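Participant: Residue numbers (our numbering): 33 to 112. Glycine included, every Cβ here is placed at the ideal spot set by N, Cα and C. All values reported here derive from a predicted model rather than from experimental measurement. Just passing along the structure, written as structure tokens.
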């Protein structure tokens, strides 16, 4: 089964840079990689935008993975 990792958008809680004092430009960060343990027991690192060939069981598990952003449920993976 082919899947694609879409990345994870996180909401930033800080309002500025503590080091330089500059103001925050965006209210979100984008996580481009995720390391996961799959149902098959395999540990795999996924990179945003990349297509991966995985076992059927692992693919169905990954497609079900979601996170919440501003009260909305967002998919982490999509079938390719």
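(1) Residue 78: buried (16+ other C-beta within 10 angstroms of its C-beta) or exposed?
(2) Report all residues from its chain with a CB closer than 8 Å to the CB of residue 98; omit the five preceding and five following residues, and keep chain order.
(3) How far does the alpha helix (DSSP H) with residue 94 in it reach, from first residue to last?
(4) In three-state DSSP terms, what is residue 101?
(5) Do you know how far the Cα of residue 64 is from the Cα of residue 37?
Facilitator: With the given structure in hand:
(1) Under the 10 Å beta carbon count, residue 78 is surrounded by 16 or more other beta carbons and is classified as buried.
(2) For residue 98, where only same-chain residues beyond five positions count, the Cβ hits under 8 Å are 105, 106, 107 and 108.
(3) Where residue 94 is concerned, the enclosing alpha helix (DSSP H) stretches over 88-95.
(4) Of the three classes helix, strand and coil, the one that applies to residue 101 here is strand, per DSSP.
(5) About 9 Å.
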